[in-house]
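**Student:** Each residue of the sequence shown is one higher than the one before, counting from 140 in my numbering.
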Amino acid sequence: MVLVLLGVSASLAKAEGPTVNWDALQSYAVLAVKLTVTVTGILVFTAALVRAALAALRKHLSGSVAAAAAQRELYEAIEGPLLWLVALALAAWLPDILVAIGLLPSGTPFTVRWDEIFRKP
Numbered sequence: 140m141v142l143v144l145l146g147v148s149a150s151l152a153k154a155e156g157p158t159v160n161w162d163a164l165q166s167y168a169v170l171a172v173k174l175t176v177t178v179t180g181i182l183v184f185t186a187a188l189v190r191a192a193l194a195a196l197r198k199h200l201s202g203s204v205a206a207a208a209a210q211r212e213l214y215e216a217i218e219g220p221l222l223w224l225v226a227l228a229l230a231a232w233l234p235d236i237l238v239a240i241g242l243l244p245s246g247t248p249f250t251v252r253w254d255e256i257f258r259k260p
């Protein structure tokens, strides 16, 4: 009886839990950050489009002096967020673009390893 208990406890002690694929988790984390940056940029750009639409409406409904101010506000509503959207998207996705073109090796840090994400366990 004691030998059976020792044998069972030894076999349970040797049993290992499931292995964690750290590369896939890192790819998920990198992808989550990049998608968060992209979605945030899209939301900021959408808000800028609403501001631009309001400025265009104000431009058409006002006099000449107010129309000039509304025109300036229209340019400011589009220019700033558009530049930030391009800069953030380029900063987030540039390593992936360079890997896809072939200018960087595929194991580069801060790139999404799609094979790790979609590989079957």
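Glycine is no exception: its CB is placed at the ideal position from the N, C-alpha and C atoms.
Just so it is clear, the structure is predicted and the values come from calculations on it, not from any experiment.
Since Ala186 and Arg197 should fall inside the 8 angstroms C-beta cutoff, what is the C-beta to C-beta distance between them, to a whole number of angstroms?
**Tutor:** Not confirmed; about 17 angstroms, so no contact.
**Student:** Could you check how far apart the C-beta atoms of Ser201 and Glu255 are, in whole angstroms? I think they sit under 8 angstroms.
**Tutor:** That belief does not hold up - the Cβ atoms of Ser201 and Glu255 are roughly 56 angstroms apart, past 8 angstroms.
**Student:** Leaving out the 5 sequence neighbours to the left and right, which residues in its chain are closer than 6 angstroms to Ala191 when beta-carbon positions are compared?
**Tutor:** Only Leu213, Ala216 and Ile217 meet the Cβ criterion.
**Student:** Measure the CB-CB distance between Leu233 and Gly180 and report whether it falls below 8 angstroms.
**Tutor:** Cβ distance not < 8 angstroms, so Leu233 and Gly180 don't count as in contact.
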